[in-house]
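Each remark here refers to the structure printed beneath this line.
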Amino acid sequence: MKVLVPVKRVIDYNVKVRVKADQTGVELANVKMSMNPFDEISIEEALRLREAGKAEEVIAVSIGVQQCQETIRTALAMGADRGIHVLHDGELEPLAVAKMLKAIADKEGPSLILVGKQAIDDDCNQTGQMLAALLGWGQATFISKLEVGDTELTATREVDGGLETLTLKLPAVLTTDLRLNEPRYASLPNIMKAKKKPIDQMSPADLGVDPSPRLETLRVVEPPKREAGVIVADVAELVEKLRNVAKVI
Amino acid sequence: MNFDLTEEQRLLVATVRRFIDEHLAPLEDQVDREGVLAPETARAIFKKSQALGLYATNIPTTFGGGGLNAFDTMLLEEQFGRTSDILIRRAFGNVYEVLLRCSASQVKRWLLPSVRGERTCSIAITEPGAGSDAASIKTRAVRDGDGWRLSGHKHYISDGLFSDFFVVSAVTDLAAGSRGISLFLVDKDSAGFTVGRDQPMMGLRGTSHIEMFFDGIRLEAENLLGEEGRGMRQVLETLGRVRLGQVGARAVGKAAKVLDLMVEHAREREQFGQPIGAFQLVQQMLADSAIEINAARLLLWQAAAEIDRSGDGRELISMVKVHAAETLGRVVDRAVQVFGGSGFSKDQPIERYYRDARIYRIFDGTSEIHRTVLGGALMKKGAALYDPAS
Ligand SMILES: Cc1cc2nc3c(=O)[nH]c(=O)nc-3n(C[C@H](O)[C@H](O)[C@H](O)COP(=O)(O)OP(=O)(O)OC[C@H]3O[C@@H](n4cnc5c(N)ncnc54)[C@H](O)[C@@H]3O)c2cc1C
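Read top to bottom, the protein sequences are chains B and X.
Under the working numbering, the first residue of the first sequence is numbered 24, with each subsequent residue one higher.
Under the working numbering, the first residue of the second sequence is numbered 2, with each subsequent residue one higher.
Right, dumping it as structure tokens:
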């Protein structure tokens, strides 16, 4: 079976994000970009399935600017077999991404799509769910454990009250959570091999998808600065402050 | 001119950086305190690194190495510099390129096992009476049938306790001066080989530096490395790249690591109600360090690119050796200052970096020797030697 893994190019988790002066978005110029950490976990899980003989091919897909190819190369250097790059310069919303992934899935016929539970830039947490709905496949989100059989899979997901275990029929869409695995290093031989692995490039139009945004961003602003605290003398003063200053009770 | 690294190069650097941070950095303090790296720990980090293809990356793939060119080797060597000498040796291997001179039969016995991490080689040139003047060695190999008898005494040989064979320089023709020196592959278990003291050092704790004595060791024709009488040339030709990597690049990496620690400390440590990094006198120490490190790194890249282009970069290598080693010296000195008392205290790693840095200006040719080489080249070839417009 084939496993499809979408990988998103995001601002590196170590970077302190700054809002652009014109408030249209965040500063991307000269900022370190990396693969979304949840997508690394997805790639790792897909590679483990291949190594266990459960999958034959791992395909990494990235949608966005030309430099997304670097993100795909990272996936290839970890061990993915080939890449697909959908070149698109403008803004992308989860629904457009889900539609393009559906078109790719229709073409490639994967049995499993491993999506990160969210991307650390916009934190949308929507693409996997929308994709499953568009495909009409079963889904398990936030999975922390996975066992794949011939026609079914068992996924453990982290929910507020504890752990939930689901059985799904293949094909399925899964979204991965932090505790699923620890992503591997790209080894030197794999880094060298990655150069020679193919990356197919296409456009949203090739996939029959119109990626124009449905939402309009009005303004992006920094969260308000945290103000210095005050020491209160007693409970009465605390209650008074909560009621009249913080206005939370 | 493009100073951007390729995606592969960035991945390589990221892999090595992560390996060092996760597997080696946590061992550094203990190794320095105890002066030894436990053999089972050494074995474990070797296994992990080898599985990632990070052992012997400088050796061509035909011999089982990583096949990196000089430039990529320097990128990794810079990262290696961020951890300590003994951990680099065990995790990544110091497989000397002089071993690429091995003939087909020598390859099996010495080179391949070194690349596989089954054998370890050190270079034994220095003697008590012959340091900077490496041609003045007294160790002699006297003809004996189709082989030789080796007698003499070496000292300060890095990693000598762990190593099981050595590239040894010896005089084969007394009358020929520096053209009468040859290199030999000498197994430690040879009859007549005695290991002397482990000579205690200011830094690099965990790595041994030993005396060794040769008492009429029998050498076969197969023990001769390269050509008879061309030992000094071969050393100059192949140790250039080693010097660039193990001294130049590692000095840059170590200085960069120390600057990271300095900036972190300058942000966190508060005096007079503000981070000490807010004081301009502290900022100057950070800024000067960043300027010098960046200059050293670009010089390193230039020398590495020159090796890949022409196979030789002798004068550039000397420049890097001097500039990177001295930059490291100034950076660790400032680091002690920025850290204040905790820079001098053994409870913080800065004191260790300070001790470990000092040798960079001495081994693999002292700063004075490299300056002398450069000065000589300038006198002979003129200042145009380093002028891109000429
Ligand atoms: C930790 C450590 C590890 C080492 N590892 C190895 C190893 O693995 N293998 C190996 O073979 N050797 C090794 N060495 C030896 C090292 O390479 C020598 O110490 C170095 O080359 C300097 O030689 P020396 O100590 O005899 O100093 P000397 O040559 O006696 O120099 C003393 C001083 O005189 C100066 N000087 C000498 N000649 C001149 C000149 N012509 N012009 C101006 N100044 C001059 C020097 O620059 C220096 O300042 C190691 C040494 C140390 C300390």
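From the three backbone atoms N, C-alpha and C, an ideal C-beta is built for every residue, glycine too.
- Task: Let me know the secondary structure DSSP gives M203(X) once reduced to three states.
- Result: In the second sequence, the residue the question calls residue 203(X) occupies position 202. Assignment of M203(X) by DSSP, reduced to helix, strand and coil, places it in the coil class.
- Task: Compute the minimum distance between the beta carbon of S319(X) and the heavy atoms of ligand 1, and state whether it is under 6 angstroms.
- Result: Start at 1 with the first residue of the second sequence, and residue 319(X) comes out as number 318. The answer is no for S319(X).
- Task: Check whether the stretch 374 to 387 of chain X touches the stretch 350 to 364 of chain X, taking contact to mean three or more Cβ pairs, one atom from each stretch, closer than 8 angstroms.
- Result: no
- Do three or more CB pairs link the stretch 324 to 339 of chain X to the stretch 212 to 227 of chain X at distances below 8 angstroms? no
- Confirm the yes/no value for this check: CB of I158(X), any heavy atom of ligand 1, distance under 6 angstroms. Residue 158(X) sits at position 157 when you count from the first residue of the second sequence. At least one heavy atom of ligand 1 sits closer than 6 angstroms to the Cβ of I158(X).
- Query: Is the beta carbon of E128(X) within less than 6 angstroms of some heavy atom of ligand 3?
  - Reply: Among the ligands modelled here, namely ligand 1, ligand 3 does not occur.
- Within 10 angstroms of its Cβ, does F273(X) collect 16 or more other Cβ (buried), or is it exposed? Within the second sequence, numbered from 1, the residue matching residue 273(X) stands at position 272. Classification for F273(X): exposed.
- Measuring only between beta-carbons, confirm whether P212(B) sits less than 7 angstroms from chain X. Taking the first residue of the first sequence as 1, we reach residue 212(B) at position 189. Interface residue (Cβ-Cβ distance to chain X less than 7 angstroms): P212(B) is classified as such.
- Task: Report buried or exposed for L240(X), applying the criterion of at least 16 other Cβ atoms within 10 angstroms of its Cβ.
- Result: Start at 1 with the first residue of the second sequence, and residue 240(X) comes out as number 239. Buried, since its Cβ has 16 or more Cβ neighbours within 10 Å.
- Task: Let me know if I82(B) comes out buried or exposed under the rule of 16 or more other beta-carbons within 10 Å of its beta-carbon.
- Result: Along the first sequence, read from residue 1 onward, the residue named residue 82(B) stands at position 59. So I82(B) ends up on the buried side.
- Which value, in whole angstroms, describes the spacing of the CA atoms of A100(B) and I318(X)? To locate residue 100(B), count along the first sequence from 1; it is residue 77. To locate residue 318(X), count along the second sequence from 1; it is residue 317. If I take the Cα positions, the gap works out to 32 angstroms.
- Given that L379(X) touches chain B, what residues does it touch there, using C-beta distances under 9 angstroms? Locating residue 379(X) in the second sequence gives position 378, counting from the first residue. For L379(X), there are no C-beta contacts with chain B under 9 angstroms, since the nearest C-beta of that chain is about 39 angstroms from it.
- Take the Cβ of T198(B) as the centre, count every other Cβ of all protein chains shown within 10 Å, and call the residue buried at 16 or more, exposed below. Numbered from 1 along the first sequence, position 175 holds the residue referred to as residue 198(B). T198(B) counts as buried, since at least 16 other C-beta atoms from the protein chains shown sit within 10 angstroms of its C-beta.
- Query: What's the C-alpha gap between Y208(B) and Q284(X)?
  - Reply: Reading the first sequence from its first residue, position 185 is the one you call residue 208(B). Reading the second sequence from its first residue, position 283 is the one you call residue 284(X). Rounded to whole angstroms, Y208(B) to Q284(X) spans 36 angstroms at the Cα level.
- Query: Whole-angstrom Cβ separation of R256(X) and L329(X), contact assumed at under 8 angstroms?
  - Reply: Taking the second sequence and counting its residues from 1, the one referred to as residue 256(X) is at position 255. Taking the second sequence and counting its residues from 1, the one referred to as residue 329(X) is at position 328. Before going on, a small fix: residue 256(X) reads as Ala here, not Arg. About 5 angstroms; that satisfies the 8 angstroms criterion.
- Query: At a Cβ threshold of 7 angstroms, is T16(X) touching chain B?
  - Reply: Counted from its first residue, the second sequence places residue 16(X) at position 15. Yes, its Cβ sits closer than 7 angstroms to a Cβ of chain B.
- Any chain X beta carbon closer than 7 angstroms to A100(B): Within the first sequence, numbered from 1, the residue matching residue 100(B) stands at position 77. It does; some Cβ of chain X falls within 7 angstroms.
- Item | Cβ shell of V40(B) (< 7 angstroms), same chain only, five flanking positions each side left out | As a working mapping, residue 40(B) is identified with position 17 in the first sequence. Around V40(B): I34 and V49.
- Taking the continuous beta strand (DSSP E) assigned at I270(B), which residues delimit it? In the first sequence, counting from the first residue as 1, residue 270(B) sits at position 247. The amino acid at residue 270(B) is misidentified as Ile; the sequence shows Lys. Element bounds for K270(B): n/a, residue is neither H nor E.
- Query: From the DSSP output, which residues share a beta bridge with D223(B)?
  - Reply: For the purposes of this step, residue 223(B) is taken as the residue at position 200 of the first sequence. Answer is I107(B).
- Message: Using a Cβ-based criterion (distance less than 6 angstroms to any ligand heavy atom), does T240(B) qualify as near ligand 1?
- Response: For the purposes of this step, residue 240(B) is taken as residue 217 along the first sequence, with counting starting at 1. Checking every heavy atom of ligand 1 against the Cβ of T240(B), none is found closer than 6 angstroms.
- Item | heavy atom of ligand 1 below 6 angstroms from E212(X) C-beta | Here residue 212(X) refers to the residue found at position 211 when the second sequence is read from its first residue. No, the Cβ of E212(X) stays beyond 6 angstroms of every heavy atom of ligand 1.
- Please list, in chain order, all residues of the same chain as V28(B) whose beta carbon is under 6 angstroms from its beta carbon, the five residues on each side excluded. Taking the first residue of the first sequence as 1, we reach residue 28(B) at position 5. The answer, listed in chain order, is S65, I66, A69, A83 and L137.
- Message: Taking 7 angstroms as the threshold (beta carbon to beta carbon), is E8(X) in contact with chain B?
- Response: To locate residue 8(X), count along the second sequence from 1; it is residue 7. E8(X) has a beta carbon lying within less than 7 angstroms of a beta carbon in chain B.
- Query: Got a sec: is the Cβ-Cβ distance from Y36(B) to anything in chain X below 7 angstroms?
  - Reply: Stepping through the first sequence from its first residue, residue 36(B) is reached at position 13. Y36(B) does not count as touching chain X.
- Task: Buried or exposed for Q275(X), please, with buried defined as at least 16 other CB atoms from any protein chain shown within 10 angstroms of its CB.
- Result: Within the second sequence, numbered from 1, the residue matching residue 275(X) stands at position 274. So Q275(X) ends up on the exposed side.
- Report the option in F214(X), V253(X) and T7(X) whose CA atom is closest to the CA atom of E128(X). Taking the second sequence and counting its residues from 1, one reaches residue 128(X) at position 127. When only C-alpha atoms are compared, the closest one is F214(X).
- Message: Suppose contacts are defined by Cβ-Cβ distances below 7 angstroms. Is M233(X) in contact with A136(X) by that definition?
- Response: As a first step, residue 233(X) is located in the second sequence; it is residue number 232 there, counting from the start. As a first step, residue 136(X) is located in the second sequence; it is residue number 135 there, counting from the start. It is a contact, given that the beta carbons lie within the stated cut-off.
- Message: Contact between the stretch 285 to 303 of chain X and the stretch 320 to 329 of chain X is defined here as three or more beta-carbon pairs at a separation below 8 angstroms; is this criterion met?
- Response: Contact holds: three or more Cβ-Cβ distances are below 8 angstroms.
- Message: Can you list, in chain order, the residues of its chain with a C-beta nearer than 8 angstroms to that of E29(X)? Leave out the 5 residues immediately preceding and following it.
- Response: For the purposes of this step, residue 29(X) is taken as the residue at position 28 of the second sequence. Around E29(X): T84, S85, L88, P350 and R353.
- Nearest chain X C-beta to R96(B) closer than 7 angstroms, yes or no? Translated into positions along the first sequence, residue 96(B) becomes position 73. Taking Cβ atoms only, chain X reaches closer than 7 angstroms to R96(B), which makes this a yes.
- Closest Cβ-Cβ distance between E205(B) and chain X: below 7 angstroms? For the purposes of this step, residue 205(B) is taken as the residue at position 182 of the first sequence. Output row for E205(B): interface = no.
- Taking Cβ positions only, does A155(B) come closer than 7 angstroms to chain X? Sequence index remark: in the first sequence, residue 155(B) carries index 132 (1-based). A155(B) does not count as touching chain X.
- Message: Judging by CA-CA distance, which residue of L169(B), R242(B) and M56(B) is the nearest neighbour of A180(B)?
- Response: Position 157 of the first sequence, counted from the first residue, corresponds to residue 180(B). A small fix is needed here, since residue 180(B) is Arg in this sequence, not Ala. The option with the nearest alpha carbon to R180(B) is L169(B).
- Query: Which stretch, first to last residue, makes up the alpha helix (DSSP H) that contains G232(X)?
  - Reply: By 1-based counting over the second sequence, the position of residue 232(X) is 231. G232(X) -> alpha helix (DSSP H) spans G232 to V243.
- Task: Please indicate yes or no: does the CB of I136(B) lie closer than 6 angstroms to some heavy atom of ligand 1?
- Result: Mapped onto the first sequence, residue 136(B) falls at position 113. With a threshold of 6 angstroms, the Cβ atom of I136(B) does not count as near ligand 1, since no heavy atom of the ligand is closer than that.
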